[in-house]
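Let me begin by presenting the structure, written as structure tokens, before commenting on it.
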Amino acid sequence: MSDINGDVELLACLADLDDEDDSEYRFLVDGKHVKYVTVAPGALPKDDRTFAPILIPMLPPFPPGDWNEGHISKDPTTGQLFFARHEKVDLDGVAYTWHPTRIDFLELNKLDHLRQNVHRVSHPLFDAPVIFKFAPFPWQIPYLEAETRAYEWIEGKDVGPRFLGHVTEAGRVIGWVMEDLGGARTAESGDLTACQEILRKLHALGIKHGDINRFNFLVQGEKALLIDFETAKFSYAEELEDEYRYLPQSLNDPSFRGGIGPAEISE
Numbered sequence: 000m001s002d003i004n005g006d007v008e009l010l011a012c013l014a015d016l017d018d019e020d021d022s023e024y025r026f027l028v029d030g031k032h033v034k035y036v037t038v039a040p041g042a043l044p045k046d047d048r049t050f051a052p053i054l055i056p057m058l059p060p061f062p063p064g065d066w067n068e069g070h071i072s073k074d075p076t077t078g079q080l081f082f083a084r085h086e087k088v089d090l091d092g093v094a095y096t097w098h099p100t101r102i103d104f105l106e107l108n109k110l111d112h113l114r115q116n117v118h119r120v121s122h123p124l125f126d127a128p129v130i131f132k133f134a135p136f137p138w139q140i141p142y143l144e145a146e147t148r149a150y151e152w153i154e155g156k157d158v159g160p161r162f163l164g165h166v167t168e169a170g171r172v173i174g175w176v177m178e179d180l181g182g183a184r185t186a187e188s189g190d191l192t193a194c195q196e197i198l199r200k201l202h203a204l205g206i207k208h209g210d211i212n213r214f215n216f217l218v219q220g221e222k223a224l225l226i227d228f229e230t231a232k233f234s235y236a237e238e239l240e241d242e243y244r245y246l247p248q249s250l251n252d253p254s255f256r257g258g259i260g261p262a263e264i265s266e
């Protein structure tokens with residue numbers, strides 16, 4: 000059983016906690032082909048759906064051929080798992096691209112897993128590690144579309160990390176690499192002055208960030224930078240003023256809204 004799908008690597012998964020909806024998986028096959036596979040609820044043991052060494056041998060053999068989406072079901076009579084569907088479909092990618100550099104994600108060397116969609120990586124183009132932010136699943140692409148545009152708006156303005164290039168998967172853009180602010184920490188209430196300064200700089204461009212939780216300010220020394228521009232937009236002066244006034248309250252928020260909670264840190 001251990002030889003089944005020996006050429007399959009689990010890249011990402013989204014498993015429904017109640018096992019009432021399909022679980023979603025992103026696999027790499029033969030080190031070069033990405034396959035997006037959904038598994039029907041109840042098809043897999045609930046506790047084994049996310050642990051790759053157990054999960055992958057339990058799956059039916061991956062069909063050969065040029066396909067990128069599949070669905071696994073469980074035969075109600077035999078209890079065996081099988082690919083009920085596999086096909087080649089046109090997957091969504093980030094439509095708006097503006098930076099001249101494009102990098103295939105297969106060229107990236109993963110160094111650290113920061114979040115499901117944020118990794119620290121290395122690449123021959125860069126002398127130091129960089130941050131790779133991406134959409135693990137095609138339906139998440141719209142979340143990156145707006146942020147990709149926002150990084151063009153702030154290019155060269157010293158408001159956020161430097162945008163270093165678009166990242167592709169099978170030709171479609173799935174994310175980008177940006178400067179790694181090594182040694183930076185998330186903002187605290189005592190960083191109000193630095194955070195006010197960087198927010199004023201963004202507002203001077205007419206841009207509202209839209210999510211100024213303290214985890215979206217990264218502080219190095221006495222300087223802060225902003226990250227996570229998914230909800231950024233050009234806005235009116237009144238909205239910019241409201242966002243600026245809310246900043247002290249946001250920095251004093253003791254919750255982990257927008258950040259990583261204790262359970263995730265301990266993993």
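Numbered by numbering that gives the first Met the number 0, the letters in the sequence shown go through residues 0 to 266 in order. Backbone N, C-alpha and C define an ideal beta-carbon position, used for all residues, glycine too.
Tell me, please, which residues DSSP counts as bridged to residue i.
i      : result
Glu144 : Its beta-bridge partners do not exist; DSSP assigns none.
Ala223 : Val218
Thr49  : In the DSSP output, where bridge partners are listed per residue, Thr49 has none listed.
Val36  : Tyr24 and Gly69
Val117 : Arg114 and Lys132
Asp29  : Asp29 is not bridged to any residue.
Arg84  : His70
Arg184 : Val218
Phe233 : Ile206
In the structure shown, what three-state DSSP assignment does residue i receive?
i      : result
Arg244 : helix
Lys73  : strand
Ile102 : strand
Gly174 : strand
Gly189 : helix
Asn8   : With the sequence shown as reference, residue 8 is identified as Glu, and Asn is not the correct amino acid for it. Reduced to three states, the DSSP call for Glu8 is strand.
Glu168 : strand
Leu13  : strand
Arg161 : coil
Lys109 : strand
Lys200 : helix
Tyr95  : coil
Measuring alpha carbon to alpha carbon, tell me which residue in the options is nearest residue i.
i      : options                           : result
Gly170 : Leu13, Asn4, Lys31 and Phe26      : Lys31
Tyr9   : Leu58, Glu19, Leu16 and Gly41     : Just to set this straight, residue 9 is Leu in the shown sequence, not Tyr. Ranking the options by Cα distance to Leu9, first place goes to Leu58.
Gly181 : His165, Arg161 and Ala193         : Arg161
Ala223 : Ala203, Ala193, Tyr235 and Thr37  : Ala193
His118 : Asn251, Val93, Val166 and Ser234  : Val166
Leu80  : Glu86, Asp91, Ala42 and Leu107    : Ala42
Ser254 : Ser188, Ser234 and Gln195         : Ser188
Tyr142 : Val172, Ser234, Gly164 and Leu204 : Val172
Asp74  : Gln139, Glu178 and Pro40          : Pro40
Phe26  : Asp89, Phe61, Asp179 and Ile140   : Phe61
Asp91  : Gln139, Ser121 and Tyr245         : Gln139
Tell me which same chain residues have a C-beta within less than 8 Å of the C-beta of residue i, skipping the five on either side of it?
i      : result
His208 : Leu198, Leu201, Asn215, Leu225, Phe228, Thr230, Ala231 and Glu242
Thr185 : Arg213, Phe214, Phe216, Leu217, Val218 and Gly258
Ile264 : Note on Ile264: pLDDT 26, under 50, position unreliable in the model; no value is reported.
Asp210 : Asp227, Glu229, Thr230 and Gly257
Asp47  : Ile53, Leu54 and Met57
Spatial neighbours of residue i within its chain, please: C-beta separation below 6 Å, excluding the five flanking residues on both sides.
i     : result
Ala83 : His70 and Ser72
Tyr24 : Cys12 and Val36
Since residue i and residue j are thought to touch, with beta carbons under 8 Å apart, how far apart are those beta carbons, to the nearest angstrom?
i      : j      : result
Pro28  : Asn67  : According to the sequence displayed, residue 28 carries Val and not Pro. Their Cβ separation, rounded to whole angstroms, is 10 Å, which puts Val28 and Asn67 out of contact at 8 Å.
Ser22  : Val7   : Incorrect: roughly 15 Å between the Cβ atoms, too far for contact.
Leu110 : Pro128 : 6 Å
Pro131 : Val93  : The sequence given here has Phe at residue 131, not Pro. Contact flag wrong, Cβ pair sits at about 14 Å.
Asp190 : Leu250 : 7 Å
Val148 : Tyr95  : One point to set straight first is that residue 148 is Arg, not Val, in the sequence displayed. Correct: roughly 6 Å between the Cβ atoms.
Residues in its own chain within less than 7 Å of residue i by CB, not counting five upstream and five downstream?
i      : result
Thr49  : Cys12 and Ala14
Asn116 : Lys132, Phe133, Ala134 and Pro135
Ala51  : Leu9
Pro247 : Leu191
Glu106 : His122
Got a sec: does the ligand ZN put a non-hydrogen atom nearer than 7 Å to the Cβ of residue i?
i      : result
Glu187 : Judged by which ligands are present, the structure shown has none, so any question about the ligand ZN falls away.
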